[in-house]
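Each residue of the sequence shown is one higher than the last, beginning at 5 in the numbering used here. Each residue gets a CB set at the ideal place from its N, CA and C atoms; glycine is no exception. Since the model is a prediction, treat every value here as computed from it, not as a measurement.
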Amino acid sequence: MVTFEDSSPVRTRLWRDGKLAEENYPLATVSDYLQEPDALVWVDFCDPTHTQLLALAEELEFDPHAVEDALAHGERTKATRYATHTFLTVYATHLHPEPEPGAEAHESRLHTTRISAFIVPRGMVTVRRGSPFDIDEVVRRWDENADLLKHGPGALVHGLLDTVVDGQFDTIQELDDTAETLEDDLFEDNVPTRLIQRRVYRLRKELVQLRRVVLPMREVVNTVLRHRAEHGNSVELDSWYTDLYDHVIRATEWSDSLRDMVTTVFETNLSLQDAHLNTIMKKLTSWAAIIAVPTAVTGWYGMNVPYPGFGQWWGVLTSAGVVFGAAAMLYVTFKRRDWL
């Protein structure tokens, strides 16, 4: 018998014939419960140590590569089938609130929790790493559909994946709301352009991070469906998995449309900046033309040669009249063309 170290939070549950029989039992009894034909076992680790997970892996004969993937950093979303179990890795997403004024507006608000699952014939072991994930929501869904648990670990996997996908949906919704707010801010004069630029950059960064974990979910669910079909699992769960797969497809399509929206916002922001720059250039050019008139006139009358009105009082009035008359004419002309 392997000795387990209680160095990180562990949660356990046991169902018999779909009914909760025991909770928070010792890890040493897991392998015994998995031998019972009517038992369904769930074990959950939160940030386990390498030694702790290896001990359970040795007890349940998990593949060493799957164990290393569960402990490694930056593992991609995937589902892999081994001789004794199926291993999958998914990411739950969470979007932090808008930062306080004065905080770095370009820092990503998206945080993820990596959830790895070892699926065996009569149970599932989950390993959570990263920012907090509400595992109680998964348990609540299992309890609400307790009649499904008699169909085996497929019900546990569905409850976990359904919670993760719904969380990804919520994150996409929040990013979509942020994109719509940015669209409105683009045409507000009281919103600083630099702030909009930072928010657009942050939104693009968050969306790229989100798509990295959302898009592979389609292949993960496909792998689970193929595994169920090959092993002739209970058809009662088929409609539930079909609905889950539909949600995954919708999340993928929504992320695609959101990417197009963010691209449009980014390009519109650049176009508005170009248009604003053109307006400024027109105004500067117009005022430069107006200022050039008195410069030219005073330069002409400032020459050290005789000219009409040289040394006469009416020469001063003539030069002043030319300056103000030409400047006024240019101002009216530029104003009509909306250059000023």
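CA-to-CA distance, residue j to residue i, given in whole angstroms
i      : j      : result
Glu210 : Asp73  : 25 Å
Thr33  : Glu79  : 30 Å
Thr337 : Leu281 : 21 Å
Pro13  : Thr55  : 14 Å
Phe8   : Ala87  : Its pLDDT being 48, under 50, Phe8 is placed unreliably in this model, and the value from its coordinates should be taken loosely. Straight-line Cα distance between these residues: approximately 24 Å.
Met333 : Arg340 : 11 Å
Val6   : Ala59  : Caution is warranted here: a pLDDT of 43 is assigned to Val6, below 50, making its placement in the model unreliable, and no coordinate value can be reported.
Thr90  : Gly163 : 16 Å
Ala300 : Thr322 : 14 Å
Leu31  : Ala61  : 12 Å
Asn194 : Ile253 : 39 Å
Lys286 : Glu192 : 22 Å
Val225 : Thr167 : 13 Å
Met265 : Ile176 : 12 Å
Leu288 : Thr302 : 21 Å
Asp151 : Glu187 : 46 Å
Tyr245 : Arg230 : 11 Å
Leu160 : Asp189 : 44 Å
Thr117 : Glu257 : 22 Å
Asn1   : Val142 : No statement about residue 1 is possible, as the shown extent of the chain runs from 5 to 344 and does not include it.
Pro196 : Arg202 : 10 Å
Tyr249 : Gln277 : 42 Å
Pro101 : Asp174 : 13 Å
Tyr335 : Ser290 : 8 Å
For residue i, three-class secondary structure by DSSP
i      : result
His251 : helix
His98  : strand
Thr337 : helix
Gly134 : strand
Arg85  : strand
Asp48  : strand
Gly127 : strand
Leu276 : helix
Pro298 : helix
Asn226 : helix
Asn282 : helix
Asp151 : helix
Residue i: first and last residue of the uninterrupted alpha helix (DSSP H) it sits in
i      : result
Ala159 : 157-189
His69  : 68-75
Leu214 : 197-218
Thr55  : 54-64
Arg80  : Premise fails: Arg80 is in no alpha helix (DSSP H) and is neither H nor E.
Asp147 : 139-148
Asp36  : 34-37
Cβ-Cβ separation, residue j to residue i (assumed contact under 8 Å), whole Å
i      : j      : result
Tyr37  : Leu57  : Not quite, the Cβ-Cβ distance comes to about 19 Å (not below 8 Å), so this is no contact.
Leu44  : Leu153 : 6 Å
Leu219 : Leu179 : Not a contact, Cβ separation roughly 15 Å.
Ile119 : Arg132 : 5 Å
Identified DSSP bridge partners for residue i
i      : result
His115 : His98
Ala120 : Sequence check: residue 120 is Ser here, not Ala. Note: Ser120 sits in a beta bridge opposite Thr93, Val131.
Ala324 : Answer by DSSP bridge pairing: none, since Ala324 is not bridged.
Ala293 : According to DSSP, which records beta bridges pairwise, Ala293 is partnered with nothing at all.
Ala43  : Arg20
Cutoff 8 Å: residue i Cβ touching any chain B Cβ
i     : result
Ala87 : Absent from the structure: chain B. Only one protein chain is present.
Where the beta strand (DSSP E) containing residue i begins and where it ends
i     : result
Leu18 : 14-20
Leu24 : 23-27
Residue i: CB within 7 Å of a non-hydrogen atom of the ligand NAD
i     : result
Pro68 : No copy of the ligand NAD appears in this structure; indeed no ligand is present at all.
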